[in-house]
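Trainee: In terms of the UniProt record's numbering, the sequence shown opens at residue 1 and continues consecutively.
Cβ coordinates follow ideal geometry from the N, Cα and C atoms, glycine included.
Sending over a structure as structure tokens; questions will come in a sec.
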Amino acid sequence: MSGNGRPRPSRLVRIWRGRTSLRTRVALIAGVAITCAIVGGMSLLYVLQTNSVRQNLDSELRTYAAEIAQTGEGGTWPSPLPQSTLDPAAEAQVIAADGTVLASTRTLAGLPAVYALPIASNQPVRQPAANSTIPASAIVVGTHANVGGASVSIITGTDTGLLDAMTSEFGRHVLIGLPIILVLSMVAVWLIVGRALRPVDVIRRSVDDITSEDLSRRVPEPRIRDEIGQLAATMNEMLARLERSTSRQRRFVADASHELRSPLAAIRTTLEVGLAHPDIAPWPIIAARAAEQSERLETLIQQLLLLAKSDEGKLTDGSREIDIGKLLNRVLASSDTGPISVHTDLAEELTVQGNPQHLERMFRNIIENAIRHTTTAVTITAQHGVGSIVVEIADDGPGIASPDHGRVFERFVRLDTSRDRSSGNSGLGLAIAADITRAHGGSISVLDAPVHGALFVVVLPVRRTPTT
1 MSGNGRPRPS
11 RLVRIWRGRT
21 SLRTRVALIA
31 GVAITCAIVG
41 GMSLLYVLQT
51 NSVRQNLDSE
61 LRTYAAEIAQ
71 TGEGGTWPSP
81 LPQSTLDPAA
91 EAQVIAADGT
101 VLASTRTLAG
111 LPAVYALPIA
121 SNQPVRQPAA
131 NSTIPASAIV
141 VGTHANVGGA
151 SVSIITGTDT
161 GLLDAMTSEF
171 GRHVLIGLPI
181 ILVLSMVAVW
191 LIVGRALRPV
201 DVIRRSVDDI
211 TSEDLSRRVP
221 EPRIRDEIGQ
231 LAATMNEMLA
241 RLERSTSRQR
251 RFVADASHEL
261 RSPLAAIRTT
271 LEVGLAHPDI
281 APWPIIAARA
291 AEQSERLETL
301 IQQLLLLAKS
311 DEGKLTDGSR
321 EIDIGKLLNR
331 VLASSDTGPI
341 SVHTDLAEEL
351 TVQGNPQHLE
361 RMFRNIIENA
371 IRHTTTAVTI
381 TAQHGVGSIV
391 VEIADDGPGI
401 ASPDHGRVFE
411 RFVRLDTSRD
421 RSSGNSGLGL
431 AIAADITRAH
441 GGSISVLDAP
451 VHGALFVVVL
461 PVRRTPTT
């Protein structure tokens, strides 16, 4: 038994699958199947033809018996009996109830009864001949008749040697033809399957030539949209997805490296300046700047780890019931709003299923982004939707241009050129918020605020349907 409870294939089957190509297996199976079909068809044809010939012989012999019965209607039998008009080779005997031969054809003259019918029988009887003077391959057909007031048996027979010879000849032809049919059918199927699998071989060679360094190449797609054509199209779609994924990964690594280099370079520069003039360097200021850059570096690393969890589909681990209203109040209580006014309108019992830490991170990123870009105030509303909870976070800042509404959630994207790295913004906050929202089965979008500014809309389902 295998690990999944299914019976393991036998050693012979494993060897058959592992050491023979698909083309060879198909050719062998098809050759055997074709041979069996031909043999079955020929055997059926032989049986039908043989039965037809035997039925014709029986019919001719019964007709011959009826003709003989007419010759003895006067109570006497001609000697010898006349030959059959349908089968000149047929022989006949007229046998009395006591087994005495009353009349026979010239060949059987003076011979004992070929076959004695039971007196009680009144149906035609077909049996092999019993007399050794008749060829062993002969058959006889007998029937009772009441001629001249006496009950007699009329036996007619004929040689079936020709039929037996035909049977033997057929068997020899089958024995000789079977290997030829098998070989020819296998060769034909081999060639046909090889031609059918040629596009697969082309696809295989093309895939072998594609490396991780260049995923822009594609496999050739056959013009005919059959299963192989669909396979090629699916592989090209897969390669396109791999190319996009690899491109995003490389861009992410490059951007992450660039972002990590900035605080590290700032820390190094600050320390080098202090070490160059250790006696007059303002070490408290240097330490404060180094600590600030270290904190920025730590935040960036945490964001990168969170994105890695997002890519692994682990943002919903540890989910439980969460009150969104309480979570928003907790985020606001720990946020530095400064002179910015924050207005809230939160409904009661805003409960969803989710990871509390990640959902808090999501709302914190959006709220801090709004506080950073607003002019005077931020408005937060949370209401019940249809099977969902809708949270809206609006600011009265400069807003986001419509063409950038989708880009704002991309990783390492900074739409405001004034927001350089010195401000501490990495361009990951809204991207992380979007990943967390989608992982919890929700959606996030940005619209133009009713007056001016940006309006972020987060929709979370009441019953979470996590995405993978």
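1. Starting from the N-terminal side, write out each stretch of the beta strand (DSSP E) that is 3 residues or longer and does not extend beyond the region 318-387.
2. Nearest to residue 325 by CA position, among 346, 312, 316, 225, is which residue?
3. For residue 376 versus residue 341, is the C-beta distance shorter than 8 Å?
4. If we count the other Cβ atoms within 10 Å of its Cβ and call it buried at 16 or more, is residue 213 buried or exposed?
5. Contact check, residue 238 vs residue 203 under 8 Å by CB: the rounded distance?
6. Rounded to the nearest angstrom, what separates residue 460 and residue 190 at their Cα positions?
7. Tell me, please, whether the region 316-323 touches the region 255-273 by the rule of three or more beta-carbon pairs shorter than 8 Å.
8. Check residue 157 in the structure and name its three-state DSSP category.
9. Can you tell me where the alpha helix (DSSP H) holding residue 59 begins and where it ends?
10. Indicate whether residue 280 and residue 270 have their beta-carbon atoms separated by less than 8 Å.
11. Among residues of its own chain, excluding the 5 on either side of residue 331, which ones have a beta-carbon nearer than 8 Å to its beta-carbon?
12. I'd like to know if the region 85-98 and the region 52-65 are in contact, where contact means that at least 3 CB-CB pairs between them fall below 8 Å.
13. So, for residue 102: in the same chain, excluding its five sequence neighbours on each side, which residues have a beta-carbon less than 6 Å away from its beta-carbon?
14. Just mark residue 37 as buried or exposed, buried being the case when its beta carbon has 16 or more other beta carbons within 10 Å.
15. Taking DSSP's pairing of strands, which residues face residue 395 in a bridge?
16. Starting from the C-beta of residue 431, find all residues in its chain whose C-beta is less than 7 Å away, skip the five residues before and the five after it, and write them out in chain order.
17. Helix, strand or coil, according to DSSP, for residue 246 in the structure here?
18. Which partner residues does residue 455 have in the DSSP bridge list?
19. Can you tell me where the alpha helix (DSSP H) with residue 295 in it begins and where it stops?
20. Does residue 21 pass the burial test, meaning 16 or more other C-beta atoms within 10 Å, or should it be called exposed?
21. Helix, strand or coil for residue 93, going by three-state DSSP, please let me know.
22. Determine, using beta carbons only, whether residue 48 and residue 68 come nearer to each other than 8 Å.
23. With DSSP as the reference, please indicate the residues paired to residue 460 in a beta bridge.
24. Measure from the alpha carbon of residue 407 to the alpha carbon of each residue in 146, 397, 372, 428, then state which is nearest.
25. How many angstroms separate the CA atom of residue 66 from the CA atom of residue 171?
26. Roughly how many whole angstroms lie between the Cα atoms of residue 456 and residue 388?
27. With residue 404 and residue 449 assumed to form a contact (beta carbons below 8 Å), what rounded beta-carbon distance in angstroms separates them?
28. Relative to the C-alpha of residue 266, which residue among 44, 292, 378, 70 is closest?
29. Applying the criterion that 16 or more other CB atoms from any shown protein chain within 10 Å of the CB defines a buried residue, is residue 113 buried or exposed?
30. Please tell me whether residue 413 and residue 393 are closer than 8 Å, where the distance is taken between their beta carbons.
31. In terms of residue numbering, what span does the beta strand (DSSP E) encompassing residue 102 cover?
32. On the premise that residue 399 lies in contact with residue 434, defined as a C-beta separation below 8 Å, what is that separation, rounded to the nearest angstrom?
33. Looking only at its chain, what residues have a beta carbon closer than 6 Å to the beta carbon of residue 188, apart from the 5 residues adjacent to it on each side?
34. On the DSSP letters alone, give me the boundaries of the alpha helix (DSSP H) that residue 436 sits inside.
35. Nearest CA to the CA of residue 23: which residue from 70, 110, 186?
36. Give the straight-line distance between the Cα atoms of residue 173 and residue 29, rounded to the nearest whole angstrom.
Mentor: The short version:
1. Within the region 318-387, the complete beta strand (DSSP E) runs of at least 3 residues are 320-323, 341-346, 351-354, 377-384.
2. Residue 325 has its Cα closest to that of 346, out of 346, 312, 316, 225.
3. In this structure, residue 341 lies closer than 8 Å to residue 376 by Cβ.
4. For residue 213, the number of other beta carbons within 10 angstroms of its own is below 16, and it is reported as exposed.
5. 12 Å between Cβ atoms; not a contact.
6. Rounded to whole angstroms, residue 460 to residue 190 spans 58 Å at the Cα level.
7. No, because fewer than three Cβ pairs between the region 316-323 and the region 255-273 fall closer than 8 Å, the two stretches do not touch.
8. In this structure, residue 157 counts as strand in the three-state DSSP scheme.
9. Its alpha helix (DSSP H) spans residues 22-71.
10. Using a Cβ distance threshold of 8 Å, residue 280 and residue 270 do not count as a contacting pair.
11. So the list reads 360, 363, 364, 367, once near-sequence residues are dropped.
12. Yes, since at least three Cβ pairs between the region 85-98 and the region 52-65 fall closer than 8 Å, the two stretches touch.
13. If you ignore the 5 residues before and after residue 102, its C-beta comes within less than 6 Å of the C-beta of 77, 94, 96, all in its own chain and listed in chain order.
14. Exposed is the call here.
15. Here residue 395 is bridged, per DSSP, to 378.
16. Take residue 431, set aside five residues on each side of it, and the residues of its chain with a beta-carbon closer than 7 Å to its own are 409, 410, 411, in chain order.
17. Taken through DSSP and simplified to helix, strand or coil, residue 246 comes out as helix.
18. Secondary-structure assignment with DSSP links residue 455 through a beta bridge to 394, 447.
19. Residues 283-311.
20. Label assigned to residue 21: exposed.
21. Judged by DSSP in its simplified three-state form, residue 93 adopts strand.
22. Cβ atoms of residue 48 and residue 68: not closer than 8 Å.
23. The secondary-structure analysis by DSSP pairs residue 460 across a beta bridge with 389.
24. Selected option, being the one with the closest Cα: 428.
25. The straight-line gap from Cα to Cα measures roughly 36 Å.
26. Their backbone Cα atoms lie some 16 Å apart in a straight line.
27. With a contact defined as Cβ atoms closer than 8 Å, residue 404 and residue 449 miss out at about 15 Å.
28. It is 292 whose Cα lies nearest to the Cα of residue 266.
29. Result: buried.
30. The Cβ-Cβ distance between residue 413 and residue 393 does not fall below 8 Å.
31. Per DSSP, residue 102 belongs to the beta strand (DSSP E) from 101-104.
32. No, residue 434 and residue 399 are not in contact; Cβ-Cβ is about 19 Å, not under 8 Å.
33. There are no such residues.
34. 429-439 is the extent of the alpha helix (DSSP H) around residue 436.
35. The shortest C-alpha separation from residue 23 is found at 186.
36. Using only the alpha carbons, I get a separation of about 23 Å.
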